[in-house]
Amino acid sequence: MSLSVRQRRILADMGIPVWRSRVAAAPAIEVPPGEPLAPAAKVPSGAADAGGGAQDAAVVTLDWEALQARVSGCQACAELARERTQTVFGVGDPRARWLFIGEAPGAEEDRRGEPFVGRAGQLLDNMLRALGLDRGHDVFIANVLKCRPPGNRDPKPEEAAACRAYLDRQIALIQPQVIVALGRIAAQSLLASEEPLGRLRGAQHRYQGVPLVVTYHPAYLLRKPGDKGKAWQDLQRARAFLE
Ligand code: URA
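Just so you know, we're using the numbering used here here: the sequence shown kicks off at 1 and counts up by one.
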């Protein structure tokens, strides 16, 4: 990839040495055809209440608007439904080639109804800009959970499972060419794995048949800026999947 002056400046601002861009010249990663899909998340019995929500089989038939409406009224996880200001459906281009998936909305996202709007979101926006993208074009950003876990606790597995059909329907409608899982929790949840992030990064994965690349969560990169270069490499690997 040849970088524009603007992209070089953004990379430098992110603390990514510009000479790393030669990683972009690496050959595209081959994913063997017919590689098995990630196992479907199981919904533990009794995990969520009988509020319909994502476990309703009809979710797979919903169009984009109907799905948004269904998500906004979801009562599947009683505590999350009670505590949230609003659901956070996701933001971006419903026909995007890139789908970024984070963990769950935080306080600011819960207030504004949009994912990744805090400091971590600013870094994510910078990463997108470095790729020549922005959240309005060719990118959709979502989370494993559509509701904020109170006190910013980690999502519970049963909450992620209860929310999964919404995300799966989003993926089916968007038909992205690559999914980027942001951080350990998103990666482990999507891949139904307990492997540490270090093992999941760099390995080849698919989710719903779509190539999935695991990288660091932007909030982690704010704490450990020295790993931004590795995140940039992950994004280059993701880019190699685009047609
Ligand atoms: N962290 C996430 O994983 N998602 C958000 O939307 C915000 C912060």
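Quick reminder that beta carbons are idealized off the backbone N, C-alpha and C, glycines included.
- Task: Measure from the alpha carbon of residue 162 to the alpha carbon of each residue in 151, 106, 112, 74, then state which is nearest.
- Result: Distances from the CA of residue 162 to each of 151, 106, 112, 74 were compared; the closest alpha carbon is that of 74.
- Message: Using only Cβ atoms and a threshold of 7 Å, which residues come within that distance of a heavy atom of ligand 1? Order them by chain position.
- Response: Matched residues: 88, 102, 103, 104, 105, 106, 109, 115, 116, 118, 120, 121, 143, 182, 183, 186, 217, 219.
- Item | Burial state of residue 155, where buried means 16 or more other Cβ atoms lie within 10 Å | buried
- Message: Please state the DSSP three-state secondary structure of residue 182.
- Response: strand
- Would you grab the beta carbon distance between residue 98 and residue 138 for me? Rounded to a whole angstrom, and I think it's under 8 Å. 6 Å
- Less than 8 Å between the CB atoms is what I'm expecting for residue 214 and residue 223, so what's the real figure, rounded? Not really, about 18 Å apart at Cβ, beyond 8 Å.
- Query: If we ignore side chains and look at the alpha-carbon of each, how far apart do residue 37 and residue 218 end up?
  - Reply: Because the pLDDT of residue 37 is 32, which lies under 50, any placement of that residue in the model is unreliable, and the question is left without a value.
- Message: For the stretch 172-184 against the stretch 105-113, do three or more pairs of beta-carbon atoms, one drawn from each stretch, fall closer than 8 Å, so that the two count as touching?
- Response: They do not touch, by the three-pair rule.
- Message: If distances are taken between C-alpha atoms only, which option among 240, 197, 111, 208 comes closest to residue 227?
- Response: 197
- Item | Alpha carbon of residue 58 to alpha carbon of residue 169, nearest angstrom | 10 Å
- Message: Please list the terminal residues of the continuous alpha helix (DSSP H) segment that includes residue 196.
- Response: First-last for residue 196: undefined, no H or E at that position.
- Any idea what DSSP makes of residue 132, helix, strand or coil? coil
- Query: Is it right to say residue 243 is buried, meaning 16 or more other beta carbons lie within 10 angstroms of its own, or is it exposed?
  - Reply: exposed
- Could you check how far apart the C-beta atoms of residue 68 and residue 100 are, in whole angstroms? I think they sit under 8 Å. With a Cβ gap of about 18 Å, residue 68 and residue 100 do not count as contacting.
- Item | Residue ranges of each alpha helix (DSSP H) within the stretch 198-223, 4 or longer | 218-223
- Task: Might you give, ordered along the chain, the residues of its own chain that have their beta carbon closer than 7 Å to the beta carbon of residue 119, omitting 5 neighbours on each side?
- Result: 222
- Query: For residue 84, does the count of other Cβ atoms within 10 angstroms reach 16, so buried, or fall short, so exposed?
  - Reply: Here residue 84 is buried. Its C-beta has 16 or more other C-beta atoms within 10 Å.
- Task: In the DSSP assignment, find the beta strand (DSSP E) that holds residue 139 and state where it starts and stops.
- Result: 139-143
- Proximity of residue 94 and residue 140 at Cβ, strictly below 8 Å: Result yes, Cβ atoms of residue 94 and residue 140 sit closer than 8 Å.
- Task: Go ahead and pull the three-state DSSP assignment for residue 91.
- Result: strand
- Could you check the C-alpha separation between residue 230 and residue 182 for me, to the nearest Å? The alpha-carbon atoms of residue 230 and residue 182 are separated by roughly 13 Å.
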